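See structure below.
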RNA sequence: GGAGAGGUGGCAGAGUGGUCGAAUGCAACGGUCUUGAAAACCGUCAGGCCCGCAAGGGUCUCGGGGGUUCGAAUCCCCCCCUCUCCGCCA
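Residue numbers (our numbering): 1 to 432.
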């Protein structure tokens, strides 16, 4: 939900945002509805006022006077019900339309139709030069018996995998390193629910509008009918959903802002519509593990943008500690999603792809999520919607691709990045 | 999954058809008193929407949705959640 007063004040900004974000929405149709609603509300409320007034009189009246007023009120009540019904119809559509409206991107966001128009803003590190023919992470991982994709497919279908032995240990090490990294900076770690209600997905901006088919719905078997039933729970595709929703319908303590939350969880994505895309290896899989940064802060754009830089930097520090080359790109309007105000991706160099691959996604959402989730704070007596931001801090197994490929040796072993060794009992090499 | 009890303002807790957006207590905030503080006393103290420059007025909200009624926190139906007991279970 967006700020309607803002929408009414500058409809063109929202129309441009919709166009730039490739959304097909009709804001003028909404205004027609908005006007209808505004016409109906006074009518309904006037009738209710009469009804309330009569309600106070009725107990005091008797005989004919009472009977007459009751009769009058009965007619009024019948008419009122009709106008209430049409108002309700309008309000349902009125509200549904609002859920589809975008937030307005910052002026600095490049306008573009899709990811081909994203803009690189900086690079870090040197791309590796191998003195031998380098292998990809699948070949290396299978030879070392630390990644098993065929058995993952046997057990759970395409895009599933096993990490095994030192592969599983390596993932754990990266998670723990990242968690400690944020913990040292005072972040609060969450082990959040992995399932959430529709409202949480709606509140964080994933529903409605296209992400429904990316999300697994949890069902249960009905013993009597033998059919699967929807339990109205959905597996999270990111802990942003349940960490952000932690404060749903709350007025948070203003003095405690900004809240810096690190959600560590498994994430589930159906990847519908991506058949044939990134089919090889661990790049695009149905289940992964992620440490996500979620910040809830005051509604101050300047401050929010400082936090944006902070959480991007936190992620960069992880990559720098791992000594993996990466670049930062400004995500253009057509690739950023309706909820985002500003978005940068971090892409890490993946030798086997001979390109950078997206490993992190940093977003500033203004008050978009806070409005939908109804998260506010008290600003000197005025209740204001918070701002929210989020960024990946690390996501695996995707991050294993550059780690394994970057640190491979001529003999097919993998050198463990120094910062991870304390998390692997001091081990330095996988495969010896 | 079965049986029972509940869900009311920041919290506790009254309220079983009308004058109830809701008693009372606590907390919080402002004030009086005080050198300062405490105590005492006085006052304020829910959010959304609509009209209005404002003052103010109207309306909605007692877990959520529907219904009965002139009128619902209160009666009926469905759903959600919490608690107690039983069953199952890592």
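Using N, Cα and C, we set each Cβ at its ideal position, and we do this for glycine too.
Fair warning: this is a prediction, and the values are worked out from it, not measured in the lab.
Cβ separation of residue 215 and residue 270, assumed to be a contact under 8 Å, to the nearest whole Å
Translated into positions along the first chain, residue 215 becomes position 215. Translated into positions along the first chain, residue 270 becomes position 270. With 8 Å as the limit, residue 215 and residue 270 qualify as a contact, their Cβ atoms being about 7 Å apart.
Ordered along the chain, which non-local residues of its own chain (more than five positions away) have a Cβ less than 7 Å from that of residue 400?
Along the first chain, read from residue 1 onward, the residue named residue 400 stands at position 400. Closer than 7 Å at the Cβ level, and outside the excluded window around residue 400, lie 137, 170, 171, 282.
Specify whether the segment 333-340 and the segment 13-26 touch according to this definition: at least 3 beta carbon pairs, one from each stretch, less than 8 Å apart.
They touch, by the three-pair rule.
Name the residue from 158, 86, 166 whose alpha carbon lies nearest to the alpha carbon of residue 421.
As a working mapping, residue 421 is identified with position 421 in the first chain. The shortest Cα separation from residue 421 among 158, 86, 166 belongs to 166.
Tell me the DSSP secondary structure of residue 177 in three-state form.
Numbered from 1 along the first chain, position 177 holds the residue referred to as residue 177. Looking at residue 177 - three-state DSSP - the assignment turns out to be helix.
Can you have a look at residue 314 and say buried or exposed, based on whether 16 or more other CB atoms are within 10 angstroms of its CB?
Walking along the first chain from the start, residue 314 turns up at place 314. It counts as buried.
Distance, residue 413 Cα to residue 142 Cα
Here residue 142 refers to the residue found at position 142 of the first chain. Here residue 413 refers to the residue found at position 413 of the first chain. Distance between the alpha carbons of residue 142 and residue 413 is about 12 Å.
Rounded C-beta distance between residue 311 and residue 295? I'm assuming under 8 Å.
For this step, residue 311 is matched to residue 311 along the first chain. For this step, residue 295 is matched to residue 295 along the first chain. With a Cβ gap of about 6 Å, residue 311 and residue 295 count as contacting.
Please classify residue 407 as buried or exposed, where buried requires at least 16 neighbouring CB atoms within 10 angstroms.
The residue you call residue 407 lines up with position 407 of the first chain. Here residue 407 is buried. Its C-beta has 16 or more other C-beta atoms within 10 Å.
Taking C-beta to C-beta, are residue 389 and residue 363 nearer than 8 Å?
Along the first chain, one-based indexing puts residue 389 at 389. Along the first chain, one-based indexing puts residue 363 at 363. Residue 363 sits close to residue 389, with the two beta carbons spaced by under 8 Å.
Close Cβ partners of residue 175 (< 8 Å) along its chain, the five nearest in sequence each way excluded:
Counting from one through the first chain, the residue named residue 175 turns up at place 175. Cβ-Cβ distances below 8 Å link residue 175 to 264, 289, 291, 394, 396 in the same chain, with the five nearest sequence neighbours on each side left out; the list follows chain order.
Of the residues 195, 262, 242, the one placed nearest residue 231, counting alpha carbons only:
For this step, residue 231 is matched to residue 231 along the first chain. Closest option to residue 231, judged by alpha-carbon separation, among 195, 262, 242: 195.
Classify residue 161: buried if its beta carbon has 16 or more other beta carbons within 10 angstroms, exposed otherwise.
Here residue 161 corresponds to residue number 161 of the first chain, with the count starting at 1. Counting C-beta atoms within 10 angstroms of its own C-beta, residue 161 has 16 or more neighbours from the protein chains shown and is therefore classed as buried.
Name the residue from 54, 59, 64 whose alpha carbon lies nearest to the alpha carbon of residue 74.
Along the first chain, read from residue 1 onward, the residue named residue 74 stands at position 74. Considering only 54, 59, 64, the residue with the shortest C-alpha distance to residue 74 is 54.
Please state if the CB of residue 267 and the CB of residue 236 are separated by a distance shorter than 8 Å.
Counting from one through the first chain, the residue named residue 236 turns up at place 236. Counting from one through the first chain, the residue named residue 267 turns up at place 267. Less than 8 Å separates the beta-carbon of residue 236 from that of residue 267.
Residues of its chain near residue 272, where Cβ-Cβ distance is below 7 Å and the 5 sequence neighbours each way are ignored
Mapped onto the first chain, residue 272 falls at position 272. Excluding the 5 residues flanking it on each side, residue 272 has same chain C-beta neighbours closer than 7 Å at 213, 214, in chain order.
Same chain, Cβ closer than 7 Å to residue 122, neighbours up to 5 away in sequence not counted
One-based indexing of the first chain puts residue 122 at position 122. Cβ neighbours of residue 122 beyond the five flanking positions: 327, 328.
Along the beta strand (DSSP E) that carries residue 328, what are the first and last residues, could you check?
Reading the first chain from its first residue, position 328 is the one you call residue 328. For residue 328, the uninterrupted beta strand (DSSP E) run begins and ends at 326-330, by DSSP.
Ignoring anything shorter than 3 residues, give me the beta strand (DSSP E) runs that lie fully in the segment 19-47, in order along the chain.
Taken in chain order, no unbroken stretch of beta strand (DSSP E) lies wholly in the segment 19-47 with a span of 3 residues or more.
Suppose contacts are defined by Cβ-Cβ distances below 8 Å. Is residue 374 in contact with residue 199 by that definition?
Reading the first chain from its first residue, position 374 is the one you call residue 374. Reading the first chain from its first residue, position 199 is the one you call residue 199. No, these two residues do not count as a Cβ contact at 8 Å.
Under 8 Å by Cβ, that's how I've got residue 51 and residue 76 pegged, so tell me the actual separation to the nearest angstrom.
Residue numbering aside, residue 51 sits at position 51 when the first chain is read from its first letter. Residue numbering aside, residue 76 sits at position 76 when the first chain is read from its first letter. Taking the Cβ atoms as the reference, residue 51 lies roughly 6 Å from residue 76, within the contact range of under 8 Å.
Looking at residue 369: is its Cβ nearer than 8 Å to the Cβ of residue 204?
To locate residue 369, count along the first chain from 1; it is residue 369. To locate residue 204, count along the first chain from 1; it is residue 204. The Cβ atoms of residue 369 and residue 204 lie closer than 8 Å to each other.
Along the chain, which unbroken stretches of the alpha helix (DSSP H) at least 4 residues long are found entirely within the segment 192-278?
Runs of the alpha helix (DSSP H) inside the segment 192-278: 198-203, 240-244.
Distance, Cα to Cα, residue 64 vs residue 57?
The sequence position of residue 64 within the first chain is 64, counting from 1. The sequence position of residue 57 within the first chain is 57, counting from 1. Between residue 64 and residue 57, the C-alpha separation is close to 14 Å.
CB-CB length for residue 91 against residue 37, believed under 8 Å:
Position 91 of the first chain holds residue 91. Position 37 of the first chain holds residue 37. A Cβ-Cβ distance of about 6 Å is found for the pair residue 91 and residue 37, placing them in contact under the 8 Å criterion.
Which runs of the beta strand (DSSP E), 3 residues or longer, sit entirely within the segment 351-401?
If we require 3 residues or more, the beta strand (DSSP E) runs fully inside the segment 351-401 come out as 355-364, 375-379, 382-385, 387-396.
Residue 202 versus residue 103: straight-line alpha-carbon distance, rounded
Stepping through the first chain from its first residue, residue 202 is reached at position 202. Stepping through the first chain from its first residue, residue 103 is reached at position 103. Here the alpha carbons of residue 103 and residue 202 stand approximately 15 Å from one another.
For a quick check, are the C-beta atoms of residue 27 and residue 15 less than 8 Å apart?
Position 27 of the first chain, counted from the first residue, corresponds to residue 27. Position 15 of the first chain, counted from the first residue, corresponds to residue 15. Cβ atoms of residue 27 and residue 15: closer than 8 Å.
Please report how far the alpha carbon of residue 348 lies from the alpha carbon of residue 211, in whole angstroms.
For this step, residue 348 is matched to residue 348 along the first chain. For this step, residue 211 is matched to residue 211 along the first chain. If you take the alpha carbons of residue 348 and residue 211, they lie about 25 Å apart.
Own chain, CB closer than 6 Å to residue 152, minus 5 neighbours either side, in chain order:
Here residue 152 refers to the residue found at position 152 when the first chain is read from its first residue. So the list reads 160, 161, 162, once near-sequence residues are dropped.
In terms of residues, what are the limits of the alpha helix (DSSP H) holding residue 94?
Within the first chain, the letter at position 94 stands for residue 94. Taken as a continuous stretch (DSSP letters only), the alpha helix (DSSP H) holding residue 94 covers 63-98.
Where residue 423 sits in the DSSP three-state scheme
Position 423 of the first chain, counted from the start, is the residue given in the question as residue 423. Residue 423: helix per DSSP, three-state reduction.
Supposed close pair residue 320, residue 187 - CB separation, criterion 8 Å:
The residue labelled residue 320 in the question sits at position 320 within the first chain. The residue labelled residue 187 in the question sits at position 187 within the first chain. Actually they do not touch by this definition, with Cβ atoms about 18 Å apart.
Contact check, residue 428 vs residue 416 under 8 Å by CB: the rounded distance?
The residue given as residue 428 occupies position 428 in the first chain. The residue given as residue 416 occupies position 416 in the first chain. The pair is a contact, with the Cβ atoms about 6 Å apart (cut-off 8 Å).
Collapsed DSSP secondary structure at residue 146 in the structure displayed
Taking the first chain and counting its residues from 1, the one referred to as residue 146 is at position 146. Coil.
Just the Cα atoms here: how many angstroms apart are residue 365 and residue 89?
Locating residue 365 in the first chain gives position 365, where the first residue counts as 1. Locating residue 89 in the first chain gives position 89, where the first residue counts as 1. Here the C-alpha atom of residue 365 lies approximately 30 Å from the C-alpha atom of residue 89.
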